[in-house]
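For the sequence shown, our numbering assigns the number 0 to the initial residue and increments by one for each residue that follows. Shown next, in structure tokens, is the structure this report addresses.
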Amino acid sequence: MNARGEQTILTPSQVGQYIKGFMDRDRLLSGLLVRGELSNYKRYPSGHHYFTLKDGEGALRCVMFRSDAASLRFQPQNGMQVIAAGRVTVFPRDGQYQLYCVRLTPEGAGDLAVAFEQLKARLLQEGVFDPAHKKPIPRMPGRIALVTSPAGAAVRDMLRILGARWPMARVYVLPVRVQGEGAAEEIAAAIGWANLHQAADLIITGRGGGSMEDLWAFNEEVVARAIYDSDIPVISAVGHEPDVTIADFAADLRAATPSNAAELAVPDQNEVYASLLGAGRRLEQAMRHRLLRERQGLERLAKSRVMTEPQAYFQDKNLYLDHLSQRLGSSMTGRLFQLRVRSAALDKDLHRGLEKCLSGKQERFARLAAALDAMSPLKVLGRGYSIAQKGDGRVISSVRSVQPGERFSLRLSDGSLKCTVEETEREEY
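Structure below.
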């Protein structure tokens with residue numbers, strides 16, 4: 000009410016501003032921690048995140064602006080139990096109160112641990128950790144690139160061990176930050192540069208020990224994909240032996256520590272030298288045995304009859320040649336005799352076969368000749384029959400084929416008669 004006792008009339012926006020100011024002045028609502036289950040989580044193209052926190056009896060609308068959401072290490076999901084930090088106030092335009100969230104962490108586990116497991120599961124499903132994609136580490140690399148901090152103890156340990164074990168290799172340090180904002184991008188860029196310029200046969204990337212936050216650059220997706228895309232084999236050497244990072248899963252080989260990475264990268268020159276000495280001794284011993292065997296063989300050859308009596312060799316061969324000639328002659332004589340006997344037998348069989356065949360043919364010829372003779376018209380004429388023929392040789396078989404006065408010939412068994420038709424007489428049957 001005003002000074003005159005009249006009740007003040009406010010607009011909706013004035014009521015909203017009043018409530019907002021009241022809530023903004025409340026210390027509890029200005030720095031609030033709220034535990035609940037994520038629901039209706041949405042990320043808009045603007046980068047702002049909107050969601051609802053709920054429990055068994057109520058719900059609270061929340062918003063997380065893009066600047067605050069950029070610090071999220073994990074991907075919030077519906078159903079996840081979280082703790083949200085922020086302030087509760089009213090948005091005057093629609094009169095709704097909501098939590099303006101500035102920090103969001105999973106309940107029961109740190110946001111880094113959740114982010115680690117989420118990224119690990121996603122890259123595993125995409126095949127980034129597939130063993131079939133991993134490249135073999137060269138046995139004796141000539142050039143090695145160290146992608147690490149140039150000021151840390153890790154790089155000094157690796158340089159010392161590499162120099163002691165295999166001084167023949169050229170080692171290049173590609174300096175990067177290994178901690179803090181932008182460190183992951185620098186590590187990935189250095190790995191990409193080494194591949195672009197083919198600057199090394201092997202890459203070692205890593206750093207010394209520290210907390211999960213200190214090692215987080217090697218848990219970033221950009222580093223894992225740079226290692227996966229590298230044509231040069233990569234050894235990951237991050238922290239101490241219990242420390243495991245996403246880079247370890249993506250690398251072609253994981254080392255427990257940077258010092259261990261240097262030991263895995265190159266052979267020990269002393270071991271190689273000892274191996275070469277042993278191989279040299281074995282080769283020398285093998286050559287001695289070979290020379291001894293060849294010398295003994297040469298001595299046996301020098302004492303052989305062919306060397307002491309050279310002519311005897313040719314004499315033996317001549318005797319053997321005579322023996323073969325004799326055997327060949329005997330074999331040929333026997334073979335010729337067999338051929339003659341076989342030829343005579345074949346001739347006899349052939350003659351007998353021809354005679355039998357000729358006899359059969361003669362008998363068949365006689366039968367056919369007798370049959371042909373029996374069917375001959377001359378035989379018929381011999382029995383008193385005759386054949387009447389016109390002048391052109393056609394046989395007269397009917398009285399209708401001639402006319403009175405027409406001349407024809409009558410063939411008998413011993414000659415022919417020239418006749419003239421006086422008249423025709425047809426008989427009916």
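From the three backbone atoms N, C-alpha and C, an ideal C-beta is built for every residue, glycine too. Fair warning: this is a prediction, and the values are worked out from it, not measured in the lab.
The beta strand (DSSP E) with residue i in it runs from where to where?
i    : result
Q95  : Q95 to P105
N39  : L31 to R42
Y49  : H48 to K53
A58  : A58 to M63
R206 : L201 to R206
The alpha helix (DSSP H) spanning residue i covers which residue range?
i    : result
G296 : Q268 to A301
M139 : Counting along the chain, M139 falls outside any alpha helix (DSSP H), and DSSP gives it neither H nor E.
L195 : A182 to L195
R159 : A152 to R164
Any idea what DSSP makes of residue i, helix, strand or coil?
i    : result
T256 : coil
M211 : coil
V398 : helix
T244 : coil
A236 : strand
L263 : helix
A83  : strand
Y319 : helix
Y171 : strand
T307 : helix
I226 : helix
S45  : coil
Beta-carbon within less than 8 Å of residue i's beta-carbon, same chain only, minus the 5 sequence neighbours each way: which residues are those?
i    : result
N317 : none
E212 : L111
I395 : A387, Q388, K389, V401 and F407
R164 : A261, E262, V265, P266, D267 and Q268
Between residue i and residue j, what straight-line distance do the alpha-carbon atoms span, to the nearest angstrom?
i    : j    : result
S342 : L323 : 28 Å
F364 : L345 : 28 Å
V33  : S235 : 40 Å
Q402 : D391 : 15 Å
M157 : A249 : 21 Å
A387 : S408 : 6 Å
L111 : P266 : 37 Å
I203 : I226 : 10 Å
E454 : K41  : Since the displayed the chain opens at 0 and closes at 428, residue 454 lies outside it and no answer follows.
A255 : E219 : 19 Å
F313 : L353 : 58 Å
P135 : V222 : 20 Å
E283 : G141 : 30 Å
G126 : L276 : 44 Å
S329 : R304 : 32 Å
Measuring alpha carbon to alpha carbon, tell me which of the options ends up nearest residue i.
i    : options                   : result
I82  : D321, S396, A255 and K53  : K53
V398 : D413, E424, W165 and A198 : E424
A131 : L252, L28 and E106        : L252
R102 : A261, L123, F64 and V113  : F64
A58  : S66, F128 and Y96         : Y96
G78  : V113, I143, K119 and G35  : G35
P105 : L122, A260 and R72        : R72
A264 : V394, Q284, V233 and S303 : V233
G85  : P75, Y99 and H48          : Y99
S210 : R334, L416 and D242       : D242
L31  : G46, D67, C61 and V87     : V87
H239 : S258, D230 and I231       : S258
M139 : D230, Q310 and A168       : A168
What residues in its chain sit with their C-beta under 7 Å from that of residue i, if we drop five residues either side in the sequence?
i    : result
V154 : L145, T147, S148 and V172
V237 : G205, R206, L214, F217, T244, A246 and D247
Y384 : none
Only counting the same chain, and skipping five residues up and downstream in sequence, which positions put a Cβ closer than 6 Å to that of residue i?
i    : result
D228 : none
H48  : R42, M63 and A68
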